[in-house]
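Peer 1:
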Amino acid sequence: MNEIIITKENFDEEVRNYRGMPILLDFWASWCGPCMMLSPIIEEIADEYDGKIKVGKVNVDEQPELAAAFRVESIPLLVAVKDGAVTAQSVGLRPKEDIIKMINI
Numbered sequence: 003m004n005e006i007i008i009t010k011e012n013f014d015e016e017v018r019n020y021r022g023m024p025i026l027l028d029f030w031a032s033w034c035g036p037c038m039m040l041s042p043i044i045e046e047i048a049d050e051y052d053g054k055i056k057v058g059k060v061n062v063d064e065q066p067e068l069a070a071a072f073r074v075e076s077i078p079l080l081v082a083v084k085d086g087a088v089t090a091q092s093v094g095l096r097p098k099e100d101i102i103k104m105i106n107i
């Protein structure tokens, strides 16, 4: 598993101030059915593209401040970030190919 658990404590270091490869953030919750269906796809992307992208998981129940900062209204929410700026986002279950295109790698 190459996903990083993103919290308000490590957000600046892992996302906001990170300069390098693109980041895929997965906003999710354990009670969300589509989130659970998306989780193995995100894990597969993290493993396949290890060293090319950074994948972060944000539990919206445990990190309400981050969910509010990203204006999360529906989950799963995928957010692509490059050099601290949001480059794309997508709500709902998506095929792996669409997620890869969104990250733009």
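For the sequence shown, the positions run 3 to 107 when our numbering is used. Backbone N, C-alpha and C fix where the C-beta goes; we use that ideal spot for every residue, glycine too. None of the values given here were measured: they were computed from a predicted structure.
#1: Rounded to the nearest angstrom, what separates Met104 and Asn19 at their Cα positions?
#2: Between the Cα of Val112 and the Cα atoms of Arg21, Ile6, Glu11, which residue gives the shortest distance?
#3: Which two residues bound the contiguous beta strand (DSSP E) that contains Asp85?
#4: Apart from the five residues just before and just after Arg96, which ones in its own chain have a Cβ nearer than 6 Å to its Cβ?
#5: Have a look at Glu15 and Ala69 and give me their C-alpha separation to the nearest angstrom.
#6: Find out if the Cβ-Cβ distance for the pair Gly94, Pro36 is shorter than 8 Å.
#7: At what residue ranges does the stretch 34-94 contain a whole run of the alpha helix (DSSP H), taking only runs of 4 or more?
#8: Less than 6 Å between C-beta atoms, sequence neighbours within five positions excluded: which residues of the same chain meet that for Lys98?
#9: Taking the continuous alpha helix (DSSP H) assigned at Asp100, which residues delimit it?
Peer 2: Concretely, from the data shown:
#1: Within the sequence shown, the letter at position 102 stands for residue 104. Within the sequence shown, the letter at position 17 stands for residue 19. Distance between the alpha carbons of Met104 and Asn19 is about 21 Å.
#2: Residue 112 lies beyond the stretch modelled for the chain, which goes from 3 to 107, so this question has no answer here.
#3: One-based indexing of the sequence shown puts residue 85 at position 83. Counting along the chain, Asp85 falls outside any beta strand (DSSP E), and DSSP gives it neither H nor E.
#4: Counted from its first residue, the sequence shown places residue 96 at position 94. Beyond the five residues adjoining it in sequence on each side, Arg96 comes within less than 6 Å, by CB distance, of no other residue in the same chain.
#5: Against the sequence shown, residue 15 aligns to sequence position 13. Against the sequence shown, residue 69 aligns to sequence position 67. Here the alpha carbon of Glu15 sits roughly 17 Å from the alpha carbon of Ala69.
#6: Here residue 94 corresponds to residue number 92 of the sequence shown, with the count starting at 1. Here residue 36 corresponds to residue number 34 of the sequence shown, with the count starting at 1. Yes, Cβ-Cβ distance for Gly94 and Pro36 is below 8 Å.
#7: Qualifying alpha helix (DSSP H) stretches, in chain order: 35-50, 66-71.
#8: Against the sequence shown, residue 98 aligns to sequence position 96. Here the set comprises Ile43.
#9: Here residue 100 refers to the residue found at position 98 when the sequence shown is read from its first residue. Per DSSP, Asp100 belongs to the alpha helix (DSSP H) from 98-105.
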